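J.: Below is one structure. I have some questions about it.
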Amino acid sequence: MKFKQILASFFLAIMMISTPVFAGDHMVDINSATAEQLQEVKGIGDKTAMAIVAYRNKHGAYKKVGDLLHVKGIGEKKLAKIKDSLTIGNQDD
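Start counting at 1 in the sequence shown, then tack on 13, and there's your number in our numbering.
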């Protein structure tokens, strides 16, 4: 019985370490996310998500989340609302 509790605690700890938690939401990687995954972010609709993916396909990977300002339809205000839910892999902006 004790071994099962230790094992369960171990797996729970591993899951907590490997899964980022951000105010109940998860981070979306703008360099690998599909348009559908991008739409999970509050403030990103269908057109914006498709524009983010299209820009990435044409110009290559984003170097920082702030590069989204180059995407048509994303300005300073919109970026300020969505940036906390976005990442570029291991680095955040």
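The beta carbon of each residue, even a glycine, is placed where N, CA and C say it ideally should be.
Bear in mind that the values here come from a model prediction, so they are computed numbers and not experimental data.
For residue 59, report the span of its alpha helix (DSSP H) as first-last.
T.: 59 to 72
J.: From this set, 45, 84, 79, 101, which residue's C-alpha is nearest residue 93's C-alpha?
T.: 79
J.: Go ahead and pull the three-state DSSP assignment for residue 37.
T.: Its pLDDT being 38, under 50, residue 37 is placed unreliably by the model, and nothing is read from it.
J.: With respect to the alpha helix (DSSP H) encompassing residue 89, which residues constitute its N-terminal and C-terminal limits?
T.: 89 to 95
J.: Provide the residue span of the alpha helix (DSSP H) that contains residue 51, from first to last.
T.: 48 to 51
J.: Of the choices 56, 48, 19, whose alpha-carbon is the least far from that of residue 96?
T.: 56
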